[in-house]
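Asks: To convert, note that position 90 of the sequence shown is 77 in this note's numbering; the numbers rise steadily by one, no gaps.
The beta-carbon is built from N, C-alpha and C at its ideal position, and this holds for glycine as well.
There's a structure below that I have some questions on.
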Amino acid sequence: MKRFVYIITDRNRKNLHVGLCSDLMKTIQFYSEMPTLFFDNAQQLNRLVYFEEINTEEQAMERFKVVSTFTRPQKEKMIRSVNADWIDLTIGLKYEQGLRVRPQLRPSLNANRKVMAF
């Protein structure tokens, strides 16, 4: 099962929170529904600025432990290497998730046609 190591921050980039999850979109939704769970109102974590997709749980846990021990400058360098402007990556994830959803298929037109014998 795929796991994600992510870094989420507030609008002022004051706090950098490292996390590990199996469903990134549900985790981001949880942060938006519970904005004051970890910090107060002024420091709501609502901007996903970095994430890594890792295939195994063991590798994900090891990577999480490593990234969690990084200093702030190390985390900032890692973020800037892939997201120089610190934009919120959830917009792209929502777009990709919308592309993966299979559209409703309409019934086949051939099924409604009557077979005509000549």
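1) Around the Cβ of T56, are there at least 16 other Cβ atoms within 10 angstroms (buried) or fewer (exposed)?
2) Please report the straight-line C-alpha distance between V69 and Q46, rounded to a whole angstrom.
3) In angstroms, rounded to a whole number, what distance separates the CA positions of E39 and V(-8)?
4) Decide if Y18 is buried, meaning its Cβ has at least 16 other Cβ atoms within 10 Å, or exposed.
5) What residues match up with R(-10) in a beta bridge as DSSP calls it?
6) Residue range of the alpha helix (DSSP H) that L32 falls in?
7) Entirely within the segment -11 to 19 and at least 3 residues each: give me those beta strand (DSSP E) ranges in chain order.
8) Can you tell me whether T(-4) is buried or exposed? The criterion is at least 16 other CB atoms within 10 Å of its CB, across all chains shown.
9) Can you tell me which of the three DSSP states I78 falls into?
10) Per DSSP, what kind of secondary structure is M48 in: helix, strand or coil?
11) Taking the alpha-carbon positions, what's the Y82 to L76 distance?
Replies: Taking the coordinates as given:
1) exposed
2) 21 angstroms
3) 5 angstroms
4) buried
5) I41
6) Taken as a continuous stretch (DSSP letters only), L32 belongs to no alpha helix (DSSP H), as it is neither H nor E.
7) -10 to -4, 3 to 8
8) buried
9) helix
10) helix
11) 10 angstroms
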